[in-house]
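Step one of this worksheet: look at the structure below.
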Amino acid sequence: MTLHHIEERLGNPARRIAAVRAEIADTGTYRHTTRELVFGARVAWRNANRCIGRLYWHSLSVRDRRDVRDAEEVAEASADHLREATRDGRIRALITVFAPDTPQRPGPRIWNEQLIRYAGYAGPDGGVTGDPRNVGLTAAARGLGWPGGPGTPFDVLPLVIEDAGAGPRWFALPEDAVLEVELTHPEHPWWHALGLRWHAVPALANMCLEIGGVCYPAAPFNGWYMGTEIGARNLADTDRYDLLPFIAERLGLDTSTDRSLWKDRALVELNRSVLHSFDRAGVTVTDHHTESRRFLTHLGREERKGRPVGADWSWIVPPISGSATPVFHRTFETVERTPAYVHHPEALDRARGVAPRCPADPAAPPRPSGLV
Ligand code: ARG
5 MTLHHIEERL GNPARRIAAV RAEIADTGTY RHTTRELVFG ARVAWRNANR CIGRLYWHSL
65 SVRDRRDVRD AEEVAEASAD HLREATRDGR IRALITVFAP DTPQRPGPRI WNEQLIRYAG
125 YAGPDGGVTG DPRNVGLTAA ARGLGWPGGP GTPFDVLPLV IEDAGAGPRW FALPEDAVLE
185 VELTHPEHPW WHALGLRWHA VPALANMCLE IGGVCYPAAP FNGWYMGTEI GARNLADTDR
245 YDLLPFIAER LGLDTSTDRS LWKDRALVEL NRSVLHSFDR AGVTVTDHHT ESRRFLTHLG
305 REERKGRPVG ADWSWIVPPI SGSATPVFHR TFETVERTPA YVHHPEALDR ARGVAPRCPA
365 DPAAPPRPSG LV
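Remember, my numbering sits 4 above the position in the sequence shown when you count from 1.
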């Protein structure tokens, strides 16, 4: 498309840029139009080097809640986000954008790394009930007065939300906002009794959406799961649920030697169980073979449009059966571009339950300026 065509469709950008400059001179920041926000959120997805699911970047639905900064309202709108994204299992890609950082005021912050996460309760013996990844946030929520859940390995954490000026507060997620899938297996009837489950919607909640120099620190967004994220990582990693030895034993595999490939075999059955269970429950899920092919379709499409696609090989190649997927057999280059979803170091600290350092601390990160 030539510049002439762009101008015909969208008008001359010079006018908009002049208006933005004037607004920045006046207020220190500027407000995106709805179209800019929608386009920015979609292109931020398109620019995500680590995401294999970008073929659908253009279908992202955007809820504009820039009017919301109060923690309780963020919690309510986040529960609505989950309901609207879940739709009984017909999951759709959705982002809700809350108030941005401005020079006058930081926007709200969701401490949880995802809207739905399972608690990790550290025991006295160093063991953890639940998801070890969330031990810090679980302790922080308890420190804020959350009484804790029933103590199962899959207790849904409350949201911990901070709005400008006020400290963080916790808010329980309403049950009807959280869809979960119980894991069964296509051949082993006993599998169900293991009591394994996972939540249907992965909704990243602590990445900043950065568009045109403006940072939206609370902009939860979700797609749908690729089975391996659950079956080969969340439930299998040794620093997460670490279930391979447990599953292998129940499958009657020889765990006395690595060379029986008991880990590999347990991984495959766990991943079959995830895909089978999501399918049976009518919950959208993709598999790594399909998604690898789609990613290459995406790449081809973008390249034909003259847009280079950045990608991080180590994130794109699935954690099981890499070489059986086409993405393994080529290289990619990362490309850092904005708009983008970015991890701020303080946000990573918050997700570990560590409050940001006090502003008087000389080592503290600079206060948000509104423009990044
Ligand atoms: N890997 C993360 C998890 O297992 C989710 C990341 C986003 N995934 C996605 N399919 N949109 O919870």
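For glycine and all other residues, C-beta sits at the position ideal for the given N, C-alpha and C.
**Residue closest to residue 316, alpha-carbon to alpha-carbon, out of 113, 325 and 332** = For the purposes of this step, residue 316 is taken as residue 312 along the sequence shown, with counting starting at 1. The candidate whose alpha carbon is nearest that of residue 316 is 332.
**Prompt:** Just checking my contact of residue 339 with residue 312 at CB under 8 angstroms: how many whole Å lie between their CB atoms?
**Reply:** Numbered from its first residue, the sequence shown carries residue 339 at position 335. Numbered from its first residue, the sequence shown carries residue 312 at position 308. A Cβ-Cβ separation of about 6 angstroms places residue 339 in contact with residue 312 under the 8 angstroms criterion.
**Item:** Own chain partners of residue 67 with C-beta closer than 6 angstroms, once the 5 adjacent residues on each side are dropped
**Value:** The residue given as residue 67 occupies position 63 in the sequence shown. Only 100 meet the Cβ criterion.
**Distance between beta carbons of residue 163 and residue 142, contact taken as under 8 angstroms** = Within the sequence shown, the letter at position 138 stands for residue 142. Within the sequence shown, the letter at position 159 stands for residue 163. Not a contact, Cβ separation roughly 13 angstroms.
**Message:** Measuring only the C-alpha atoms, how far is residue 79 from residue 64?
**Reply:** Counting from 1 along the sequence shown, the entry for residue 79 is found at position 75. Counting from 1 along the sequence shown, the entry for residue 64 is found at position 60. Taking the straight line joining both Cα atoms gives about 21 angstroms.
**Item:** Nearest-angstrom Cβ-Cβ length linking residue 112 and residue 28, presumed shorter than 8 angstroms
**Value:** Numbered from 1 along the sequence shown, position 108 holds the residue referred to as residue 112. Numbered from 1 along the sequence shown, position 24 holds the residue referred to as residue 28. Incorrect: roughly 22 angstroms between the Cβ atoms, too far for contact.
**Asked** Is residue 323 near the ligand ARG, judged by its Cβ being under 7 angstroms from some heavy atom?
**Response** Looking up residue 323 in the sequence shown gives position 319. No - the ligand ARG has no heavy atom lying nearer than 7 angstroms to the Cβ of residue 323.
**Item:** Cβ-Cβ distance between residue 104 and residue 70 below 8 angstroms
**Value:** Looking up residue 104 in the sequence shown gives position 100. Looking up residue 70 in the sequence shown gives position 66. For residue 104 and residue 70, yes; Cβs fall inside 8 angstroms.
**Request:** From the DSSP output, in three-state form, read off residue 57 for me.
**Result:** In the sequence shown, counting from the first residue as 1, residue 57 sits at position 53. Coil at residue 57, not helix or strand.
**Asked** Curious, which full-length alpha helix (DSSP H) runs of at least 4 residues does the segment 38–105 contain?
**Response** 38–50 and 75–90
**Prompt:** Cβ atoms of residue 218 and residue 95: under 8 angstroms apart, would you say?
**Reply:** Position 91 of the sequence shown, counted from the first residue, corresponds to residue 95. Position 214 of the sequence shown, counted from the first residue, corresponds to residue 218. No, these two residues do not count as a Cβ contact at 8 angstroms.
**Through-space distance from residue 220 to residue 212, alpha-carbon basis** = For the purposes of this step, residue 212 is identified with residue 208 of the sequence shown, where counting begins at 1. For the purposes of this step, residue 220 is identified with residue 216 of the sequence shown, where counting begins at 1. Their Cα atoms are separated by approximately 5 angstroms.
**Bridge-paired residues (DSSP) for residue 245** = Position 241 of the sequence shown, counted from the first residue, corresponds to residue 245. None, per the DSSP bridge assignment.
**Message:** Looking at residue 125: is its Cβ nearer than 8 angstroms to the Cβ of residue 155?
**Reply:** The count along the sequence shown starts at 1 and reaches residue 125 at position 121. The count along the sequence shown starts at 1 and reaches residue 155 at position 151. Yes, Cβ-Cβ distance for residue 125 and residue 155 is below 8 angstroms.
**Message:** Quick check: what's the CA-CA separation for residue 149 versus residue 174?
**Reply:** Residue numbering aside, residue 149 sits at position 145 when the sequence shown is read from its first letter. Residue numbering aside, residue 174 sits at position 170 when the sequence shown is read from its first letter. Those two C-alpha atoms are separated by around 8 angstroms.
**Under the three-state DSSP convention, the category residue 177 falls into** = By 1-based counting over the sequence shown, the position of residue 177 is 173. Of the three classes helix, strand and coil, the one that applies to residue 177 here is coil, per DSSP.
**residue 334 classed as buried or exposed, judged by whether at least 16 other C-beta atoms fall within 10 angstroms** = The count along the sequence shown starts at 1 and reaches residue 334 at position 330. Exposed, by the Cβ-count rule.
**beta-carbon residue 163 near the ligand ARG non-hydrogen atom, thresh 7 angstroms** = Start at 1 with the first residue of the sequence shown, and residue 163 comes out as number 159. Result no, Cβ not under 7 angstroms from the ligand ARG.
**Asked** In three-state terms, what does DSSP make of residue 302?
**Response** Here residue 302 is taken as the residue at index 298 of the sequence shown, counted from 1. In this structure, residue 302 counts as helix in the three-state DSSP scheme.
**Message:** Between residue 345 and the ligand ARG, is there a pair consisting of the residue's CB and a ligand heavy atom that are separated by less than 7 angstroms?
**Reply:** As a first step, residue 345 must be located in the sequence shown, where it is residue number 341. False, no ligand heavy atom lies under 7 angstroms from that Cβ.
**Asked** DSSP puts residue 207 in a beta bridge; with which residues?
**Response** On the sequence shown, residue 207 is found 203 positions in, with the first residue counted as 1. Paired residue(s): 226.
**Request:** Spatial neighbours of residue 234 within its chain, please: CB distance less than 7 angstroms, with the 5 preceding and 5 following residues excluded, ordered by chain position.
**Result:** Looking up residue 234 in the sequence shown gives position 230. Counting only Cβ-Cβ distances below 7 angstroms, and skipping sequence neighbours, we find 202 and 278.
**Item:** Exposure label - residue 261; buried when at least 16 CB within 10 Å
**Value:** Within the sequence shown, the letter at position 257 stands for residue 261. Under this definition residue 261 is an exposed residue.
**Request:** Give me the Cα-Cα distance between residue 93 and residue 23, rounded to the nearest whole angstrom.
**Result:** One-based indexing of the sequence shown puts residue 93 at position 89. One-based indexing of the sequence shown puts residue 23 at position 19. Distance between the alpha carbons of residue 93 and residue 23 is about 43 angstroms.
**Message:** For residue 129 and residue 350, what's the separation of their Cα atoms in angstroms?
**Reply:** Here residue 129 corresponds to residue number 125 of the sequence shown, with the count starting at 1. Here residue 350 corresponds to residue number 346 of the sequence shown, with the count starting at 1. Those two C-alpha atoms are separated by around 30 angstroms.
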